[in-house]
Amino acid sequence: MYSAGIDMGSRTVKVVFVEELKVDGAPQLKWGVKGKHIMFPEDLDADQAADKAFNEALQAAGITRDKVTRVVATGAGRKQVKFATADVTEVSAGAKGAVFMCPKARTVIDVGAEEGRGIKADGEGKVVDFAGNEKCAAGAGAFAESMSRALQLPLKDFGEASLRSDKTIPMNAQCTVFAESEVVSLIHSSTPKEDIAKAVLDAVASRVTAMARRVGIEGDVALIGGMVHNVGFVQSLKTALGVDQVLLPEMPEYVSALGAALIAAEGK
Amino acid sequence: MADTAGEKKEYWRWQENCWIDETKDWRAAKIITAGIDVGSVSSQAVICADGELYGFNSMRTGNNSPDSAKNAISGVLEKSGMKLEDVHYVVGTGYGRVNVPFAHKAITEIACHARGANYMGGNAVRTILDMGGQDCKAIHCDEKGKVTNFLMNDKCAAGTGRGMEVISDLMQIPIAELGARSFDVDEEPNAVSSVCVVFAKSEALGLLKAGYSKNKVVAAYCQAMAERVVSLLERIGVEKEFFITGGIAKNPGVVKRIEKLLGIQAVQTQYDSQIAGALGAALFGYTLMQKQGAPAKAA
Numbered sequence: 003m004y005s006a007g008i009d010m011g012s013r014t015v016k017v018v019f020v021e022e023l024k025v026d027g028a029p030q031l032k033w034g035v036k037g038k039h040i041m042f043p044e045d046l047d048a049d050q051a052a053d054k055a056f057n058e059a060l061q062a063a064g065i066t067r068d069k070v071t072r073v074v075a076t077g078a079g080r081k082q083v084k085f086a087t088a089d090v091t092e093v094s095a096g097a098k099g100a101v102f103m104c105p106k107a108r109t110v111i112d113v114g115a116e117e118g119r120g121i122k123a124d125g126e127g128k129v130v131d132f133a134g135n136e137k138c139a140a141g142a143g144a145f146a147e148s149m150s151r152a153l154q155l156p157l158k159d160f161g162e163a164s165l166r167s168d169k170t171i172p173m174n175a176q177c178t179v180f181a182e183s184e185v186v187s188l189i190h191s192s193t194p195k196e197d198i199a200k201a202v203l204d205a206v207a208s209r210v211t212a213m214a215r216r217v218g219i220e221g222d223v224a225l226i227g228g229m230v231h232n233v234g235f236v237q238s239l240k241t242a243l244g245v246d247q248v249l250l251p252e253m254p255e256y257v258s259a260l261g262a263a264l265i266a267a268e269g270k
Numbered sequence: 370m371a372d373t374a375g376e377k378k379e380y381w382r383w384q385e386n387c388w389i390d391e392t393k394d395w396r397a398a399k400i401i402t403a404g405i406d407v408g409s410v411s412s413q414a415v416i417c418a419d420g421e422l423y424g425f426n427s428m429r430t431g432n433n434s435p436d437s438a439k440n441a442i443s444g445v446l447e448k449s450g451m452k453l454e455d456v457h458y459v460v461g462t463g464y465g466r467v468n469v470p471f472a473h474k475a476i477t478e479i480a481c482h483a484r485g486a487n488y489m490g491g492n493a494v495r496t497i498l499d500m501g502g503q504d505c506k507a508i509h510c511d512e513k514g515k516v517t518n519f520l521m522n523d524k525c526a527a528g529t530g531r532g533m534e535v536i537s538d539l540m541q542i543p544i545a546e547l548g549a550r551s552f553d554v555d556e557e558p559n560a561v562s563s564v565c566v567v568f569a570k571s572e573a574l575g576l577l578k579a580g581y582s583k584n585k586v587v588a589a590y591c592q593a594m595a596e597r598v599v600s601l602l603e604r605i606g607v608e609k610e611f612f613i614t615g616g617i618a619k620n621p622g623v624v625k626r627i628e629k630l631l632g633i634q635a636v637q638t639q640y641d642s643q644i645a646g647a648l649g650a651a652l653f654g655y656t657l658m659q660k661q662g663a664p665a666k667a668a
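If you read the protein sequences in the order shown, they are chains A and B. According to my numbering, the first sequence is numbered sequentially starting from 3. According to my numbering, the second sequence is numbered sequentially starting from 370.
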């Protein structure tokens, strides 16, 4: 029997299945990932997208619908998943998934497209406390995305470019809209692109570090969300946090869906 | 499509404006002063002849403050046949006020806006809302236009002119038409719920997808902007008379909604609302010259 987690993000739908692993003599149940699937819903309604993604995921994993006992939904569109047995917030799902992937992590930093947050979790992956950007794009992936447009440097090259810079240029603007003008004036003053890229990533890192400090940084730090792929951001984050390493989970896009699946497996 | 392919239209681009009072002769004036307001988005130069508005120029701020200041004053000097040497005293204000190379003095834009509003809206004005390009201020002043208290938001684009430019571009509606278009709707929508302009952009696109007309999206955004600045005003309190300065004062879509939320009318003015800061600066220059006595020449 399997449990499923479905993460209804604003741009993608992710599904993960977990199954119970038989480990002889283990005091607790162990779970393993059975399958994962990602889908871009494009123009589909949320409930259609959920159905489609789930069916595709079943097919890809080679399991049938009746073998899935529980489904927990998470993400912005979690209330739209009609077949879910329960739903949990992205914060709970993210913490659960991150601690499962990186068992030593007690601080989870989640930087997605529209949100950035610092989460304090316990050894079970339960949320102790968290702080987020809430109503403001500063400290979210959208900030870096806007700046990459202003710099005309694709987001995937952005991080690598920033690693070539050893300059620290402070950004005055916190607001994404104002920061865009600031980046444009840096371009006009012939500041090298890699220095600007670093300034931008440093700014995001310093915002999310402030959020993490609000809840207190404990244990190892894991980073989840789309910014995991940005090598420059990871470096900026290490510097901002003053730590030697930031744990990066495998299959970072699926961490929240995995967390939801694990919460489902635990009987929610 | 009417738009020419390949040509990117700049919907946000607002009208630059240069004006002089043809009925006056500046050569007859004893004291000529100038105020230069170098803002983050727009720059203005105002020339006063004996403490009365004579001419102004309002334009987009360029890449550096000294050039923006020079360009702004050049426009009005040329139009009136004046030379910089004819101006006795120059006061710089705004975000780039310390970078006006030919200014004798720099004064904060808050003091200047209050002074300018006192001239433009009359000495009964007690509360001023300055909706600038990158900030928004609520100012209290006395009957002389002296600041008694103020609050400002300069951290966030919500409720600023820059935020309005973003929506103008997104909706592809020229910025000067936004106000009128926002009233051309079947019913008044709820305000856009996102505060952040970046998120409001995604929300606006979502509303279009959900079947809102462009006008209705603009209405929802104007309402959000009004709610945002009213919350700033309410923290400081609104005393009559109430006056709005800055570029957004030209957008009835926001102004009428602010008036409705506050339950009071803003004082109307014949002047360009964007010149308040530079006008105040020029008037401060006039007061200083009167105190000093004999006019010196501009540097």
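Backbone N, C-alpha and C fix where the C-beta goes; we use that ideal spot for every residue, glycine too. Just so it is clear, the structure is predicted and the values come from calculations on it, not from any experiment.
The Cβ atoms of B/Gly502 and B/Val564 do not sit closer than 7 Å to each other.
Within 10 angstroms of the beta-carbon of A/Met3 lie fewer than 16 other beta-carbons, which makes it exposed. Within the same chain, Ile536, Leu539, Met540, Val561, Val586, Ala589 and Tyr590 come within 8 Å of B/Ala573 by CB-CB distance, once the 5 residues on both sides are set aside. Spanning the alpha carbons of A/Met41 and A/Ala140 requires a straight line of approximately 27 Å.
Counting only runs of 3+ residues, the beta strand (DSSP E) found wholly inside the segment 74-122 of chain A occupies 107-113, in chain order. Among the bridge pairs identified by DSSP, B/Ile613 is matched with B/Leu498.
Exclusion of the five residues before and after A/Lys54 leaves Met41 and Leu46 as the residues of its chain whose Cβ lies within less than 7 Å of its Cβ. Residues of chain A with a Cβ closer than 8 Å to the Cβ of B/Ser563 are, in chain order, Lys137. Boundaries of the beta strand (DSSP E) around A/Met10: Tyr4 to Met10. Residue pairing of A/Gln176 in beta bridges, as defined by DSSP: absent, with no partner found. Residues of chain A whose Cβ lies closer than 8 Å to the Cβ of B/Cys591 do not exist; the shortest such Cβ separation is about 17 Å. Listed in chain order, the non-local C-beta contacts of B/Ala618 below 6 Å within the same chain comprise Ser642, local neighbours out to five positions each way being set aside. Bridge pairing for B/Ala480: absent [DSSP].
At least one CB of chain A lies nearer than 7 Å to the CB of B/Arg531. For A/Gln176, at least one C-beta of chain B is nearer than 7 Å to its own C-beta. Taking all protein chains shown into account, A/Gly234 has 16 or more neighbouring C-beta atoms within 10 Å of its C-beta and is therefore buried. A/Arg72 places its beta carbon 7 Å or farther from that of A/Thr91. Restricted to the segment 583-667 of chain B, the alpha helix (DSSP H) segments that are unbroken, complete and at least 4 residues in length are 583-605, 621-631 and 645-661, listed in chain order.
Per DSSP, B/Ser551 is one residue of the alpha helix (DSSP H) stretching across Leu547 to Phe552. For the segment 176-199 of chain A, the beta-carbon criterion of a distance under 7 Å to any beta-carbon of chain B is satisfied by Gln176, Cys177, Thr178, Val179, Phe180, Ser187 and His190.
Taking all protein chains in view, the Cβ of A/Arg166 is surrounded by fewer than 16 other Cβ atoms within 10 Å, so the residue is classified as exposed.
Exclusion of the five residues before and after B/Ala438 leaves Ile405, Val407 and Val469 as the residues of its chain whose Cβ lies within less than 6 Å of its Cβ. Residue range Lys32 to Met41 is occupied by the beta strand (DSSP E) that includes A/Lys32. Its Cα nearest to that of B/Ala480, the residue B/Ile508 stands out among B/Phe612, B/Ile508, B/Val607 and B/Ala579. Assigned with DSSP and collapsed to three states, A/Thr14 falls in coil, not helix or strand. Annotated as proximal: B/Ala635 and B/Phe611, with beta-carbon spacing under 7 Å. For A/Ala59, the uninterrupted alpha helix (DSSP H) segment begins and ends at Ala48 to Ala63.
Identification of residues in the segment 429-460 of chain B having a C-beta nearer than 9 Å to some C-beta of chain A yields Asn432 and Asn433, given in sequence order. Beta-bridge pairing by DSSP links A/Leu249 to A/Ala224. Contact annotation for A/Ser148 against chain B: Val567 [CB-CB distance below 8 Å, chain order].
Spanning the alpha carbons of B/Asp436 and B/Ile442 requires a straight line of approximately 10 Å. Of B/Met521, B/Trp383, B/Lys474 and B/Pro558, the smallest CA-CA separation from B/Ile497 is found for B/Met521.
At a Cβ-Cβ threshold of 7 Å, A/Ser150 and A/Leu203 do not count as neighbours. About 4 Å separates the beta carbons of B/Asn426 and B/Val445, which is inside the 8 Å limit, making them a contact pair.
The DSSP assignment places complete beta strand (DSSP E) segments of no fewer than 3 residues inside the segment 412-449 of chain B at 421-429, in order along the chain. In terms of Cβ geometry, A/Ala259 and A/Asp89 do not form a close pair [threshold 7 Å].
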